[in-house]
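With the sequence shown counted from 1, adding 5 to any position gets you the working numbering.
Taking it in order: structure first as structure tokens, then the write-up.
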Amino acid sequence: MHLQIQTIEDDLGKLKSTSEPVRSETVFIKQSQTQFLARRGDVSWLFPSPKFPIKSSTLLVSPEISFPQELKTRESKQQNPTSKMEREMNLLNNPNRGRAPRPTYNSVPEPSTEWRISMEQILAETPRLLNKSAGKKTCCIFRVPQSLVEINEKAYQPHVVSIGPYHHGRENLKMIEQHKGRFLGSLVSRSRVGLDEYYKAIASREGEIRDCYSETINYDSNDFIKMLVLDGCFIIELFCKVGKSPTPDSDDPLFNMAWLFSFVMRDLLRLENQIPYFVLEAFYDLATGNQNLPSLSKLALEFFNYAVQRPIEVLEKYYNIQGVHLLDLFRRSFIPTKHREVSRKPSPLLQLIPSAKKLHVAGVKFKARDKSSSLLEIDFHNGLLRIPTMTIDDFTSSVFLNWVAFEQCYNHCSKHITTYATFMGCLINTAGDAGLLCDQKIIENYFGTDEAVTSFFTNVGKDVVFDIQHCYMSKMFEDINEYYRNNWKVQWAGFKHKYFDTPWSFLSALAAVLLLLLTLIQSLFSVLAYVKPPGQGPSPSPSPN
6 MHLQIQTIED DLGKLKSTSE PVRSETVFIK QSQTQFLARR GDVSWLFPSP KFPIKSSTLL
66 VSPEISFPQE LKTRESKQQN PTSKMEREMN LLNNPNRGRA PRPTYNSVPE PSTEWRISME
126 QILAETPRLL NKSAGKKTCC IFRVPQSLVE INEKAYQPHV VSIGPYHHGR ENLKMIEQHK
186 GRFLGSLVSR SRVGLDEYYK AIASREGEIR DCYSETINYD SNDFIKMLVL DGCFIIELFC
246 KVGKSPTPDS DDPLFNMAWL FSFVMRDLLR LENQIPYFVL EAFYDLATGN QNLPSLSKLA
306 LEFFNYAVQR PIEVLEKYYN IQGVHLLDLF RRSFIPTKHR EVSRKPSPLL QLIPSAKKLH
366 VAGVKFKARD KSSSLLEIDF HNGLLRIPTM TIDDFTSSVF LNWVAFEQCY NHCSKHITTY
426 ATFMGCLINT AGDAGLLCDQ KIIENYFGTD EAVTSFFTNV GKDVVFDIQH CYMSKMFEDI
486 NEYYRNNWKV QWAGFKHKYF DTPWSFLSAL AAVLLLLLTL IQSLFSVLAY VKPPGQGPSP
546 SPSPN
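What follows is the structure in structure tokens.
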């Protein structure tokens with residue numbers, strides 16, 4: 006290859022020719038007062054004229070036209086510091102010191118068609134695992150957060166019956182699925198309307214029903230409504246069969262097998278196993294013909310009363326309440342009407358309380374509260390903490406975990422159960438704490454061991470968000486901490502607990518006190534004997550002069 010370079014020194018076009026055995030190419034450079042022209046073949050480039058004359062025609066050999074080598078050398082000398090000290094100072098003051106140099110690009114590449122298509126698909130996609138409408142008040146049926154599932158997965162998964170779309174069609178739930186048609190036929194046979202009316206009752210509200218779920222439902226309209234009719238009518242007929250007599254139908258296998266009926270009740274109160282409450286009300290109105298019959302809330306609460314028994318006078322207060330689903334309805338029946346969440350100013354005493362044993366050492370007395378209508382009616386006054394008795398078994402533990410999960414996901418409800426679980430979790434840190442509350446009849450333990458109770462209350466409050474300043478027990482947290490921090494009470498209570506808690510410790514303390522008194526008396530007589538020896542009478546008085 007042979008490179009031939011011709012240089013034009015002035016505007017008249019005088020040419021100088023140099024050659025270099027590199028490549029066969031001709032480049033013309035025209036120099037003027039203001040600019041110079043470079044041309045290769047049929048392509049020309051116009052550059053500003055440099056401030057110094059071009060004395061050499063030696064060019065950088067590259068595929069692209071560039072300044073002469075001497076031009077670049079002079080520019081680099083002008084831009085770089087000349088002294089070593091200046092170069093070092095410039096290096097120290099450089100903000101990019103220690104960073105990798107940024108790459109430079111001669112041209113900006115255009116995005117490919119595949120990239121544009123993939124980005125347009127992402128922009129057009131809507132979230133499916135957590136709908137963008139999941140934060141609305143209408144969305145009330147959620148997938149349990151994975152952080153809670155990892156702690157106790159079995160508490161949130163149905164075991165015998167699926168309700169709603171989340172667990173529909175699972176292989177281990179098909180046994181009860183085959184009985185839903187039988188329950189639907191029994192309910193429709195007593196109704197004054199046909200099966201089509203059940204379809205029409207919810208078909209017009211299908212979009213509203215889908216918005217109740219935080220996850221996108223992958224069923225078409227017919228399959229979705231079919232599932233709702235079967236599940237909803239199964240629940241209504243189940244409530245009616247149980248509520249029509251003191252004992253359920255003994256010939257029905259769902260009631261004849263005690264373990265099965267217990268699991269059905271438990272599965273109806275799992276967060277992921279719900280359908281909207283207004284769907285149940287629509288089916289109940291069709292089945293009863295809006296007659297003067299007990300409310301659906303009454304049937305539901307009396308149905309679950311087989312698992313958590315409460316006096317009828319307590320249930321009567323909640324016969325007219327409504328929830329967003331059955332789990333929420335049952336939760337609301339444990340919240341006293343007078344309780345409301347408040348907002349308090351930040352206080353150093355407004356924090357979590359010590360454990361039950363620490364409070365007991367500090368002088369706090371525990372007592373089971375009698376004739377209480379709710380587990381949440383806890384009070385504290387003058388060192389006496391009264392807590393209603395709570396039964397801990399498989400049913401209540403499952404319900405409590407799902408209540409807490411619902412309150413964590415649904416921002417449009419009170420956090421009473423979360424507050425109660427946090428309070429009990431503070432009291433029970435060790436098996437000794439659980440044993441103390443069991444001894445006071447505050448906890449009826451059907452788990453068998455104090456360690457199991459401790460593990461339950463530890464898990465129910467783990468990874469749970471709790472706002473102590475806005476809970477209904479904030480005043481009680483503050484009062485208990487204030488009592489506990491009263492130093493003289495704590496020290497005196499600790500002394501009593503150490504020396505007077507049992508008869509043997511009392512006798513030991515009494516013996517120590519008597520020994521101390523005898524030692525003091527002996528020391529006193531020894532001092533008196535030293536000051537005034539025995540046998541000496543009173544000193545004679547001086548004779549008068």
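Even glycine gets a Cβ: it sits at the ideal position worked out from N, Cα and C.
Sort GLU220, GLU211, LYS249 by Cα distance to SER233 and report the nearest one. Start at 1 with the first residue of the sequence shown, and residue 233 comes out as number 228. Note that residue 233 corresponds to Leu in the displayed sequence, not to Ser. Here the closest residue by C-alpha is GLU211.
With DSSP collapsed to three states, give me the class of VAL32. In the sequence shown, counting from the first residue as 1, residue 32 sits at position 27. Here the model assigns VAL32 a pLDDT of 48, short of 50, so the residue's position is not dependable, and the following value carries that caveat. Strand, per DSSP.
Secondary structure, alpha helix (DSSP H): runs of 4+ residues fully inside the region 319 to 402: 331 to 337, 361 to 366
So what does DSSP say about ASN450, is it helix, strand or coil? Here the question's residue 450 lines up with position 445 in the sequence shown. The answer is strand: DSSP assigns ASN450 an E or B state.
Assigned secondary structure, TYR171 (DSSP; H/G/I helix, E/B strand, else coil): In the sequence shown, residue 171 corresponds to position 166, counting from 1. Coil.
Can you give the Cα-Cα distance for LEU301 and TYR289, rounded to whole angstroms? As a first step, residue 301 is located in the sequence shown; it is residue number 296 there, counting from the start. As a first step, residue 289 is located in the sequence shown; it is residue number 284 there, counting from the start. Their backbone Cα atoms lie some 7 Å apart in a straight line.
The region 292 to 307 / the region 112 to 120 touching (three or more Cβ pairs under 8 Å): no
Spatially closest choice to LYS467 from HIS184, GLU220, LYS322, ASN157, by CA coordinates: Walking along the sequence shown from the start, residue 467 turns up at place 462. Considering only alpha carbons, the answer is ASN157.
Helix, strand or coil at TYR224 according to DSSP, with G and I counted as helix: By one-based count along the sequence shown, residue 224 stands at place 219. If DSSP states are grouped into helix, strand and coil, TYR224 belongs with coil.
Using 8 Å as the threshold, is the C-beta distance between ASN407 and LEU332 below it? In the sequence shown, the residue the question calls residue 407 occupies position 402. In the sequence shown, the residue the question calls residue 332 occupies position 327. Here ASN407 is near LEU332, since their CB atoms are less than 8 Å apart.
What does the alpha-carbon distance come out to for the pair TYR161 and THR401? Your numbering for residue 161 matches position 156 in the sequence shown. Your numbering for residue 401 matches position 396 in the sequence shown. Answer to the nearest angstrom: the Cα atoms are 13 Å apart.
Near TYR204, which residues of its chain fall below 8 Å by C-beta distance, leaving aside the five closest residues on each side in sequence? For the purposes of this step, residue 204 is taken as residue 199 along the sequence shown, with counting starting at 1. Hits under 8 Å: ILE230, VAL234.
Looking only at its chain, what residues have a beta carbon closer than 8 Å to the beta carbon of GLU69, apart from the 5 residues adjacent to it on each side? Here residue 69 refers to the residue found at position 64 of the sequence shown. Model confidence at GLU69 stands at a pLDDT of 44, short of 50, so the residue's coordinates are unreliable and nothing is read from them.
When the distance is taken between beta carbons, is THR396 closer than 8 Å to TYR451? Taking the sequence shown and counting its residues from 1, the one referred to as residue 451 is at position 446. Taking the sequence shown and counting its residues from 1, the one referred to as residue 396 is at position 391. Cβ atoms of TYR451 and THR396: closer than 8 Å.
Taking its Cβ as the centre, do 16 or more other Cβ atoms sit within 10 Å of HIS417, making it buried, or is it exposed? Walking along the sequence shown from the start, residue 417 turns up at place 412. That one is exposed.
Look at the Cβ atom of ILE168, then the Cβ atom of ASN310, and state whether they are nearer than 8 Å. Taking the sequence shown and counting its residues from 1, one reaches residue 168 at position 163. Taking the sequence shown and counting its residues from 1, one reaches residue 310 at position 305. No, Cβ-Cβ distance for ILE168 and ASN310 is not below 8 Å.
In chain order, what are the residue ranges of uninterrupted beta strand (DSSP E) at least 3 long that sit wholly in the region 198 to 283? Fully enclosed beta strand (DSSP E) runs of 3 or longer: not present.
So TYR218 and PRO170 are in contact, right, with Cβ under 8 Å, and what is the actual spacing, rounded? As a working mapping, residue 218 is identified with position 213 in the sequence shown. As a working mapping, residue 170 is identified with position 165 in the sequence shown. Going by Cβ atoms, the distance from TYR218 to PRO170 rounds to 7 Å, so yes, they are a contact pair.
SER464 burial status per 10 Å Cβ neighbour count (16 or more: buried): Working through the sequence shown from its first residue, we reach residue 464 at position 459. For the sequence presented, residue 464 should be read as Asn rather than Ser. The residue is buried, with at least 16 neighbouring Cβ atoms inside 10 Å.
For TYR535, is the classification buried or exposed, using 16 other Cβ atoms within 10 angstroms of its Cβ as the cut-off for buried? In the sequence shown, residue 535 corresponds to position 530, counting from 1. Classification for TYR535: exposed.
Look up THR146 in the DSSP assignment and give the residues it is bridged to. Taking the first residue of the sequence shown as position 1, residue 146 is located at position 141. The residue you asked about is not Thr; residue 146 is Ile in the sequence shown. Note: ILE146 sits in a beta bridge opposite TYR218.
Span of the alpha helix (DSSP H) holding GLN527? Here residue 527 refers to the residue found at position 522 of the sequence shown. Unbroken alpha helix (DSSP H) run through GLN527: 508 to 536.
Rounded separation between ALA208 and VAL319 - CA only: Along the sequence shown, read from residue 1 onward, the residue named residue 208 stands at position 203. Along the sequence shown, read from residue 1 onward, the residue named residue 319 stands at position 314. ALA208 and VAL319 have their C-alpha atoms roughly 37 Å apart.
In the structure shown, what three-state DSSP assignment does ILE473 receive? Reading the sequence shown from its first residue, position 468 is the one you call residue 473. In this structure, ILE473 counts as helix in the three-state DSSP scheme.
Take TRP264 as the anchor and find which of CYS238, ASP225, GLU176, ALA312 has the nearest alpha-carbon. Counting from one through the sequence shown, the residue named residue 264 turns up at place 259. Ranking the options by Cα distance to TRP264, first place goes to ALA312.
If you compare alpha carbons, which of TYR415, PRO150, ASP384, VAL409 is closest to MET481? Along the sequence shown, read from residue 1 onward, the residue named residue 481 stands at position 476. It is ASP384 whose Cα lies nearest to the Cα of MET481.
Sorted by chain position, which residues of the same chain lie with C-beta nearer than 7 Å to LEU381's C-beta, five sequence neighbours on each side aside? What you label residue 381 is simply residue 376 of the sequence shown in a count that begins at 1. Counting only Cβ-Cβ distances below 7 Å, and skipping sequence neighbours, we find PHE339, ILE340, PRO341, HIS344, HIS421, TYR425.
Mind checking ILE448: buried by the 16 CB within 10 Å criterion, or exposed? Sequence index remark: in the sequence shown, residue 448 carries index 443 (1-based). Answer is buried; the Cβ neighbour count reaches 16.
GLN413: buried (16+ other C-beta within 10 angstroms of its C-beta) or exposed? Position 408 of the sequence shown, counting from 1, holds the residue named residue 413. With 16 or more other Cβ atoms within 10 Å, it is buried.
For MET478, name the three-state secondary structure that DSSP assigns. Position 473 of the sequence shown, counted from the start, is the residue given in the question as residue 478. Coil, per DSSP.
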